[in-house]
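Residue numbers (the numbering used here), protein chains in the order written: chain A, 4 to 162; chain B, 4 to 162.
Built from N, CA and C at the ideal position, the CB exists for glycine as well.
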């Protein structure tokens, strides 16, 4: 995974440090129901380069007939961490919903802790390209993904 | 979406009628934790052609910052309905975990009922190609997907 985006210029509302970015992510996760379902917890963030690392907790109820975490539920973790890699580089008040997403399930994932890395690959005015990966606590690669997101203002009131 | 597979020969354990297939799906859903999370309920099934329709209930906790169902959670619904389109054509005792999956999120999805259609496009000895789509209660298209799955015996005991 290469990152071709230049360091963005600082703008109002941007998070200057990793500590500020982690504080921002923790706060936004509490407003985001699916972050609660996935027990998302921000671990690392580089708001200049658009990199985000999030710990998830895969519940037993995320599992399939083989007793491993269903692929779609891994996609949910990847979707979250990729969108936050993009969001971290933006001023407050934006969202980056995915337009499309491709996931490769490279190894079975067990219930328990799963760590996700998201990376902003390229950011335009309204479109962001992102990549992500998930690993288990031993660092084994579980899944990789790429996604295209649309950058737009967050709706004032959630419907 | 075209379906090029020929009608398979009947083999032991295969479900001959739609009623038998729906009974089978309801039973297997109860053994599959993620089917419970998604409140999956089989609606229609053509076990000869590899077609499956499933009703899901998207909870509020599946939603993102915009108040719509997170894309990854839609992928979880699509993953389930696509794998069951393939499973419906197989004898008991198989699983079809996804190797890779691509989803397009064509419209925001609200919490509540979402209906998924899965279709087996082509089945080999160990590989299945599938397609899927989700619609809202008004029939509006929400998301489309394609996936590649691996056909293999279900592990004797879930880990």
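List the residues of chain B whose Cβ lies closer than 9 Å to the Cβ of residue 66 of chain A, in chain order. Taking the first residue of the first chain as 1, we reach residue 66 of chain A at position 63. Near residue 66 of chain A (Cβ distances below 9 Å), the residues of chain B are 35, 36, 37, 161.
Does the region 52 to 59 of chain B come close enough to the region 75 to 95 of chain B that 3 or more CB-CB pairs lie under 8 Å? Using a Cβ-Cβ distance cut-off of 8 Å, the region 75 to 95 of chain B and the region 52 to 59 of chain B are in contact, since at least three pairs of beta carbons, one from each stretch, lie closer than that value.
Could you say if the region 136 to 147 of chain A and the region 94 to 101 of chain A meet the contact criterion of at least three C-beta pairs nearer than 8 Å? Contact fails: fewer than three Cβ-Cβ distances are below 8 Å.
If you draw a straight line from the alpha carbon of residue 126 of chain A to that of residue 132 of chain A, how long is it in whole angstroms? Reading the first chain from its first residue, position 123 is the one you call residue 126 of chain A. Reading the first chain from its first residue, position 129 is the one you call residue 132 of chain A. Approximately 6 Å, taken between the alpha carbons.
When the Cβ atoms of the region 108 to 124 of chain A are set against those of the region 139 to 157 of chain A, are three or more pairs found closer than 8 Å? Yes: at least three Cβ pairs fall under 8 Å.
Chain A within 8 Å of residue 134 of chain B, Cβ atoms only: Counting from one through the second chain, the residue named residue 134 of chain B turns up at place 131. Taking Cβ atoms only, chain A never reaches closer than 8 Å to residue 134 of chain B, which makes this a no.
Residue 22 of chain B versus B:110, B:72, B:35, B:46, residue with shortest Cα-Cα distance: Locating residue 22 of chain B in the second chain gives position 19, counting from the first residue. The alpha carbon of residue 22 of chain B has as its nearest neighbour, out of B:110, B:72, B:35, B:46, the alpha carbon of B:46.
Three-way DSSP call (helix, strand, coil) for residue 80 of chain B in this model: The residue labelled residue 80 of chain B in the question sits at position 77 within the second chain. Residue state for residue 80 of chain B is assigned as helix, using DSSP reduced to three classes.
For chain B, is any of its Cβ atoms less than 8 Å away from the one on residue 4 of chain A? Residue mapping note: residue 4 of chain A aligns to position 1 of the first chain, counting from 1. Residue confidence is low: residue 4 of chain A scores 49 on pLDDT, short of 50, so the model does not pin down where it sits. No coordinate-derived value is stated.
Near residue 129 of chain A, which residues of its chain fall below 8 Å by C-beta distance, leaving aside the five closest residues on each side in sequence? By one-based count along the first chain, residue 129 of chain A stands at place 126. Result list for residue 129 of chain A: 153, 154, 155, in chain order.
Name the residues in the region 121 to 149 of chain B whose C-beta lies less than 8 Å from a C-beta of chain A; which are they? For the region 121 to 149 of chain B, there are no residues whose beta carbon sits under 8 Å from a beta carbon of chain A.
Would you kindly work out how many angstroms separate the C-alpha atoms of residue 94 of chain A and residue 123 of chain B, rounded to a whole number? Mapped onto the first chain, residue 94 of chain A falls at position 91. Mapped onto the second chain, residue 123 of chain B falls at position 120. Between residue 94 of chain A and residue 123 of chain B, the C-alpha separation is close to 44 Å.
Interface residues of the region 86 to 111 of chain B facing chain A [CB-CB below 7 Å]: Within the region 86 to 111 of chain B, the residues whose Cβ lies closer than 7 Å to some Cβ of chain A are 98, 100, 101, 102, 103, 104, 105, 106, 107, 108, listed in chain order.
If you scan the region 73 to 143 of chain A from start to end, which runs of the beta strand (DSSP E) of 3 or more residues do you find wholly inside it? Complete beta strand (DSSP E) runs here, min 3: 101 to 108, 115 to 126, 130 to 138.
What three-state label does DSSP hand residue 147 of chain A in the structure shown? Residue numbering aside, residue 147 of chain A sits at position 144 when the first chain is read from its first letter. If DSSP states are grouped into helix, strand and coil, residue 147 of chain A belongs with the strands.
Give the residues of chain A in contact with residue 83 of chain B, contact being defined as C-beta atoms less than 9 Å apart. Start at 1 with the first residue of the second chain, and residue 83 of chain B comes out as number 80. Residues of chain A with a Cβ closer than 9 Å to the Cβ of residue 83 of chain B are, in chain order, 67, 73, 75.
Which listed residue (B:73, B:64, B:35) has its alpha carbon closest to that of residue 157 of chain B: In the second chain, residue 157 of chain B corresponds to position 154, counting from 1. Looking only at B:73, B:64, B:35, the smallest Cα-Cα distance to residue 157 of chain B is reached by B:35.
Considering only the alpha carbon of each residue, which of B:85, B:106, B:48 lies closest to residue 145 of chain B? Along the second chain, one-based indexing puts residue 145 of chain B at 142. Closest option to residue 145 of chain B, Cα to Cα, is B:106.
Hey, could you find the ends of the alpha helix (DSSP H) residue 36 of chain A is sitting in? For the purposes of this step, residue 36 of chain A is taken as the residue at position 33 of the first chain. 36 to 40 is the span of the alpha helix (DSSP H), which, as asked, contains residue 36 of chain A.
What residues in its chain sit with their C-beta under 7 Å from that of residue 65 of chain B, if we drop five residues either side in the sequence? Taking the first residue of the second chain as 1, we reach residue 65 of chain B at position 62. Only residues of its own chain outside the window of five on either side were considered, and among them 72, 73, 76, 114 have a CB closer than 7 Å to the CB of residue 65 of chain B, listed in chain order.
Please classify residue 28 of chain A: is it buried, with 16 or more other beta-carbons within 10 angstroms of its beta-carbon, or exposed? Indexing the first chain from 1 puts residue 28 of chain A at position 25. Per the 10 Å Cβ criterion, buried.
Measuring straight from C-alpha to C-alpha, what distance separates residue 70 of chain B and residue 96 of chain A? Taking the second chain and counting its residues from 1, the one referred to as residue 70 of chain B is at position 67. Taking the first chain and counting its residues from 1, the one referred to as residue 96 of chain A is at position 93. Straight-line Cα distance between these residues: approximately 14 Å.
Can you confirm whether residue 78 of chain B, when its beta carbon is compared against all beta carbons of chain A, has any partner nearer than 8 Å? By one-based count along the second chain, residue 78 of chain B stands at place 75. With its beta carbon less than 8 Å from one in chain A, residue 78 of chain B belongs to the interface.
Can you give me the Cβ contacts of residue 85 of chain A inside the same chain, cut-off strictly under 6 Å, excluding the 5 residues immediately before and after it? Locating residue 85 of chain A in the first chain gives position 82, where the first residue counts as 1. Hits under 6 Å: 121, 133, 135, 150.
So that I know if they touch, is there some Cβ in chain A lying closer than 8 Å to that of residue 158 of chain B? Position 155 of the second chain, counting from 1, holds the residue named residue 158 of chain B. For residue 158 of chain B, the answer is yes, since a Cβ of chain A falls inside 8 Å of its Cβ.
Would you identify the three-state DSSP class for residue 33 of chain A, choosing helix, strand or coil? Taking the first chain and counting its residues from 1, one reaches residue 33 of chain A at position 30. Helix at residue 33 of chain A.
Note down the Cα distance separating residue 59 of chain A from residue 43 of chain B, rounded to an integer number of angstroms. Position 56 of the first chain, counting from 1, holds the residue named residue 59 of chain A. Position 40 of the second chain, counting from 1, holds the residue named residue 43 of chain B. About 24 Å.
Taking a contact to mean a Cβ-Cβ separation below 8 Å, would you say residue 24 of chain A touches residue 83 of chain A in this structure? For the purposes of this step, residue 24 of chain A is taken as the residue at position 21 of the first chain. For the purposes of this step, residue 83 of chain A is taken as the residue at position 80 of the first chain. Taking 8 Å as the Cβ cut-off, residue 24 of chain A and residue 83 of chain A do not qualify as a contacting pair.
Can you tell me where the beta strand (DSSP E) with residue 56 of chain A in it begins and where it stops? Numbered from its first residue, the first chain carries residue 56 of chain A at position 53. Secondary structure note for residue 56 of chain A: its beta strand (DSSP E) is the uninterrupted segment 54 to 61.
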